[in-house]
Each structure stands twice: as structure tokens, then as C-alpha cells.
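Okay, structure first, notes after.
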Amino acid sequence: MTTLTRHAALIATAGLALLLAAPTFAQETRSYTDDAGRTVEVPVAPKRIVTLHDSSLTVPLVELGIIPVGAFGRNGEAGPFMRGAATLTGVTFENSNIVNVGASPADIEAIAALEPDLIITSSFQEAPIEQLEVIAPTVFVEDNVRGELATFEGIAELTNTQDKLAILKSRYQAQVDQVKAVIGDRNISASIILTQEGQIAAWHTYGVIGKVLRDAGFTFPAVIDGLEGTERTFFSGEELPAFDADFMFLTYDAARGQSPQDAIADIETVTPSFCQFLTACAGERFVLVPREDAVARSYTAAGMMASAVLAAISGRDLDALAE
161 MTTLTRHAAL IATAGLALLL AAPTFAQETR SYTDDAGRTV EVPVAPKRIV TLHDSSLTVP
221 LVELGIIPVG AFGRNGEAGP FMRGAATLTG VTFENSNIVN VGASPADIEA IAALEPDLII
281 TSSFQEAPIE QLEVIAPTVF VEDNVRGELA TFEGIAELTN TQDKLAILKS RYQAQVDQVK
341 AVIGDRNISA SIILTQEGQI AAWHTYGVIG KVLRDAGFTF PAVIDGLEGT ERTFFSGEEL
401 PAFDADFMFL TYDAARGQSP QDAIADIETV TPSFCQFLTA CAGERFVLVP REDAVARSYT
461 AAGMMASAVL AAISGRDLDA LAE
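Positions in the sequence shown are counted from 1; adding 160 to them yields the numbering used here.
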């Protein structure tokens, strides 16, 4: 090796050593106030996000075009899964690089190993924020406070995907307008029920299907309109007739192996011969939809529910129902 070549090699080696020893420049940050009232310094352009709930955080993030590095995972018979992700986004643990960080509480060590630059959590997650924020800036997004689909606002702001959100909103409005066009100015009622713990469970606005129905102009029975907040309320089987409406929607938990027939059998157990008490059932206007799609915080799910509602009401004599 010539003296000149040796000198060049020494310079290159020294330069590489200096480069490796140089400190990593910190990401640019900004202040963000989350739904817990906490002011958090978050990255302006986060690249490695961990989401700690599936249907309310991971699905919206993916719909906005961002794939997290780690996410909340439930245990199923076929292995871990993200509720709603397969049917609503097509993204799963198996076909992506998303790492399962556990359910609730999440695996703190697994999260730390991913070296995230932003963690998004919610009230569904038991892992303490105090532990999470040691790993990375941690933001609390509460969908029960924001309401159906409103979690998208915070997630879009955090990820600079407001333009994508605007497109999703525009598509949703067009889908709701299709339902409105069929209903017209008629007074058509709807209700949504399910059975839990041997009782009837109801919410003021249940999932995205409830949002679709309200946005499309359906009215609801007084027993549902009288419910306050976002929490479920239980009713006895004897109170089922109060939920009767022109169209009734019942969800079944397909993710846990429940079939539509199982859901019908559960109502029959709670209220024997229930169909004779409900005009919607007698008139074959009793509609069953998969629960994980009906409740997901997802614009894709909202579109699916709008299509289900449109199919349920199309071709019906709505004038007779509105009388």
C-alpha cells in the first residue's frame, strides 16, 4: 500500500469513527394536549408508533395510511389478532411487520424493544402511562369521550394525515346520503340491541351502526333516546317491547364464534317468544350484523354499515311504515 493510499484509508477510518460517535439529533417536537388533559411533547413527524388498542386506535391509524411498529393483540384460537383489522383494513400480524405487544396490560418490555417514538393509549389499556412515557411520548386518546369516529381527529393530527381524513369523511357523507335519499322525509324508526349477561344491553348510540342510523335521520324509541353518556345500560327481558321499531338491528360476536342463530337463541332465552312482541321481527325487518364491524372506530366499517342499512330498507313500503 502506498503512503498516499495508507493516508487516505486512515482519513476514511477516522471519518467513520467520528460519524458513529456523533450524537443522534433529536426529533423535532411540538406540544399536544391529549384527552386526559396532559400536555405532551410529541414528534412532529412520528415514524415508529405503538397503538395500545386495536379497534379504536390501530384500525383508525391504518385507515389513515400509517402502519404501527407495534400494536395491541388479542388471543384467539388461531393465535393473536387485532379485532376488526382483518375485515376492515386487511392488515394482520401475519401479513405485516406489526409486532404484537400483548393485550391489557401490554408487555412493557416488548414495547421498549421496538424503540417507538410515539405511544398512543386509551382507557381500555391497563398499562400505566407512567411506565409508558418513560419509553416514549405517550398520548391518551379516549373514544368514549370523543364519540364514534372522533378518535380519527386526534390520530390524524398526531400523524399529519388530515388530508386523508378529509377524504374518508367525504366518502362517509356520500354513503349516508344514499340512505337519506331512500328515506326521504319519512319518519322511520330504528333500534339496536344485544344480549349480555342474560339481559338486554343498549346504548344511546351503539357503534358506527348507531352513528350511521342517526346521521341518516332515523328516529329511535324513547327508551334509547333517554339513555345518557356512552356507557351501556341493562334492561330485563320484559322490557324488550319498548325497543320495537320499524327496523331493529342485532349484533352477533363472530370473532368469538357466535353465529347469527346463536344471537337469536340468546334473545329467545332472555325473552321467550320475543318475535311476537316486536313488529320489526314479525315484519322480517330484524337485521343481524357482525359486532366487530358494527362497533369498530372505522370509516370502512361505517361504510359497510351504511350499505347494510341501505339493503335493509330498499324495496320496502316505507310509506306504510311511516304512517
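A virtual CB, placed ideally from N, CA and C, is assigned to each residue, including glycine. These numbers were taken from a predicted model, which means no experiment stands behind them.
Mind checking which residues open and close the beta strand (DSSP E) that includes residue i?
i	result
Ala362	Gln359 to Ala362
Arg416	Neither: Arg416 is in no beta strand (DSSP E) and is coded neither H nor E.
Val299	Thr298 to Phe300
Leu309	It is not in any beta strand (DSSP E) - Leu309 carries neither H nor E in the DSSP assignment.
Gln356	Ala350 to Gln356
Ile271	Ile271 -> not in any beta strand (DSSP E); alpha helix (DSSP H) instead, spanning Ile268 to Ala273.
Thr281	Leu278 to Thr281
Thr393	Thr393 to Phe395
Please report the straight-line C-alpha distance between residue i and residue j, rounded to a whole angstrom.
i	j	result
Ala231	Ser433	43 Å
Gly175	Thr199	Only weak support is given to the placement of Gly175: the predicted model assigns it a pLDDT of 41, under 50, and the question is left unresolved by the model.
Pro265	Ala361	26 Å
Phe312	Asp375	17 Å
Ala425	Pro297	47 Å
Ser330	Ile289	35 Å
Leu481	Glu302	38 Å
Arg392	Leu354	11 Å
Ala471	Val447	10 Å
Leu476	Tyr332	The amino acid occupying residue 476 in the given sequence is Arg; Leu does not appear at that position. Spanning the two alpha carbons is a distance of roughly 24 Å.
Ser474	Leu410	18 Å
Arg445	Gln187	55 Å
Leu400	Ser349	16 Å
Val342	Ala468	13 Å
Leu178	Lys207	Residue confidence is low: Leu178 scores 40 on pLDDT, short of 50, so the model does not pin down where it sits. No coordinate-derived value is stated.
Glu483	Arg346	9 Å
Phe378	Leu292	42 Å
Ala263	Gly370	27 Å
Below 9 Å between beta carbons: does that hold for residue i and residue j?
i	j	result
Val455	Val368	yes
Ile280	Ile271	no
Ser458	Thr249	yes
His213	Gln285	yes
Leu387	Ile315	no
Arg234	Pro240	yes
Phe437	Thr431	yes
Glu452	Asp413	yes
Ser351	Phe395	no
Met242	Ser215	yes
Met465	Ala440	no
Thr321	Ile226	yes
Gln359	Gly397	yes
Thr218	Ala245	yes
Ala287	Ile258	no
Would you mind sorting residue i into buried or exposed? The rule is 16 or more other CB atoms within 10 Å of its CB.
i	result
Ala273	exposed
Ala238	exposed
Val202	buried
Ser191	exposed
Phe185	Interpretation of Phe185 is limited by its pLDDT of 49, a score under 50 that renders its predicted location unreliable; no figure is taken from the coordinates.
Ile327	exposed
Asp277	buried
Ala423	buried
Glu308	buried
Gln335	buried
Asn260	buried
Thr193	exposed
Glu275	exposed
Gly463	buried
Ends of the alpha helix (DSSP H) at residue i?
i	result
Ala335	In the sequence as displayed, the identity of residue 335 is Gln instead of Ala. Element bounds for Gln335: Gln322 to Ile343.
Ala480	Leu478 to Ala482
Arg190	Careful: Arg190 lies outside any alpha helix (DSSP H), inside the beta strand (DSSP E) at Thr189 to Thr193.
Leu387	First-last for Leu387: undefined, no H or E at that position.
Ile295	Ile289 to Ile295
His377	According to the sequence provided, residue 377 is Gly. The question's His does not apply to it. Careful: Gly377 lies outside any alpha helix (DSSP H) and carries neither H nor E.
Thr247	Ala245 to Leu248
Check the Cβ-Cβ distances between residue i and every residue of chain C, and say whether any is below 9 Å.
i	result
Arg198	Here chain C cannot be found, since the structure has a single protein chain.
Completely contained beta strand (DSSP E) runs for the region 195–239, where each covers 3 or more residues: 199–203, 209–211 and 234–236
Whole runs of the alpha helix (DSSP H) within the region 421–460, excluding any shorter than 4 residues: 439–442 and 451–455
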